[in-house]
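Residue numbers (the working numbering), protein chains in the order written: chain A, 1 to 116; chain B, 1 to 117.
Virtual Cβ for every residue (Gly too), placed ideally from N, Cα, C.
Computed from a prediction, not measured in an experiment: that's the story for all the values here.
Have a look at the structure below before the remarks.
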């Protein structure tokens, strides 16, 4: 069973550019969450998508956005990049069965973004 | 807002020995879940163990066990018979219902564990 796949694994951008990161969840998983990991702030929740709808959002500026497609694949976009956006962006998927409470998240390997 | 505190930024343990990683959290919720995740140098975050707050019995997974003290809001992880492959960052995480069917994780800053041969 394939795990959570994130592309690209590494990318370098300059300030002011935009970036799109992709996440393919485990087959059958309908929920996709995104987290930002930095040395200073640690792991912070960005947003969660379920059945193509954003159902939760963290405390990030509007430059951070995302979407989910009908096949559950998700993308996140960061516009007008700033130096502080340099981070490891982690995607996680879960089956999200409503009756089972908090489901276990399975994480991808992450996309390492460097902003110069 | 919930907070998770891991007071030990770094720890080391001899191979085959036992080590305990500390985690405390703050919440006003009565129903929630706690997790320990492991992030090896290769970066892929892996679930180690999960605990549901309403279950008084401490969760165990092979060499990994937790000491869940709900009143004290403490959730420590014990690793027995430490192995070289246990070298990693360990994150304690908390979640409770956020509405609309969603649960978001709040992570601690992590503890870097090194297993010494």
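_Neighbourhood of residue 8/B by C-beta distance below 8 Å, restricted to the same chain and skipping five residues each side_ = 21, 22 and 111
*Contact list for residue 100/B against chain A, beta-carbon separation under 7 Å*: 55 and 56
*Tell me, to the nearest whole angstrom, how far the beta carbon of residue 113/B is from that of residue 72/B; I am working on the premise that it is less than 8 Å.*
With 8 Å as the limit, residue 113/B and residue 72/B do not qualify as a contact, their Cβ atoms being about 23 Å apart.
*My understanding is that residue 102/B touches residue 31/B, with C-beta atoms under 8 Å, so please give their C-beta distance in whole angstroms.*
Actually they are not in contact, since the Cβ atoms of residue 102/B and residue 31/B sit about 15 Å apart, beyond 8 Å.
*When you compare each of 75/B, 17/B and 16/B to residue 26/B by their alpha carbons, which one comes out closest?*
75/B
*asked:* Could you check whether the stretch 26 to 34 of chain A touches the stretch 81 to 92 of chain A, counting it as contact only if at least three pairs of C-beta atoms, one from each stretch, sit closer than 8 Å?
replied: yes
_For chain A, check one thing: does any of its Cβ atoms lie closer than 8 Å to the Cβ of residue 45/B?_
Under the 8 Å criterion on CB atoms, residue 45/B is classed as interfacial with respect to chain A.
*Taking 8 Å as the threshold, find out whether the stretch 44 to 55 of chain A comes into contact with the stretch 63 to 75 of chain A through three or more Cβ pairs.*
Yes: the two stretches touch, three or more of their Cβ pairs being nearer than 8 Å.
*Jot down the residue ranges of each uninterrupted beta strand (DSSP E) in the stretch 14 to 83 of chain A, minimum 3 residues, whole runs only, in chain order.*
Scanning the stretch 14 to 83 of chain A from its first residue to its last, the whole beta strand (DSSP E) runs of 3-plus residues come out as 19 to 24, 31 to 38, 42 to 50, 53 to 57, 64 to 68 and 74 to 78.
_Need the endpoints of the beta strand (DSSP E) that residue 66/B sits in, please._
64 to 69
*Would you list, in chain order, the members of the stretch 60 to 72 of chain B that have their beta-carbon closer than 8 Å to a beta-carbon of chain A?*
none
_Closest by C-alpha distance to residue 72/A, when choosing among 18/A, 20/A, 11/A and 27/A_ = 27/A
*Can you round the beta-carbon distance between residue 82/A and residue 70/A to whole angstroms, since I take them to be within the 8 Å contact cut?*
No, residue 82/A and residue 70/A are not in contact; Cβ-Cβ is about 32 Å, not under 8 Å.
_DSSP-derived helix/strand/coil call for residue 105/B_ = coil
*Quick one: list the residues of chain B neighbouring residue 32/A, beta-carbon separation under 7 Å, in chain order.*
Within chain B, no residue comes near residue 32/A; the closest Cβ sits about 12 Å away, beyond 7 Å.
*asked:* Between which two residues does the beta strand (DSSP E) holding residue 39/B run?
replied: 33 to 39
*Does DSSP put residue 110/A in a helix, a strand or coil?*
coil
*CA nearest to the CA of residue 39/A, picked from 25/A, 12/A and 85/A*: 85/A
*Quick one: which chain A residues come within Cβ less than 9 Å of residue 105/B?*
33, 35, 43, 45, 92, 102 and 105
*If you follow the beta strand (DSSP E) that residue 95/B is part of, which residue opens it and which one closes it?*
88 to 95
*Can you tell me where the beta strand (DSSP E) with residue 27/B in it begins and where it stops?*
From DSSP, residue 27/B is part of no beta strand (DSSP E); its letter is neither H nor E.
*asked:* Is there a C-beta anywhere in chain A that falls below 8 Å from the one on residue 110/B?
replied: yes
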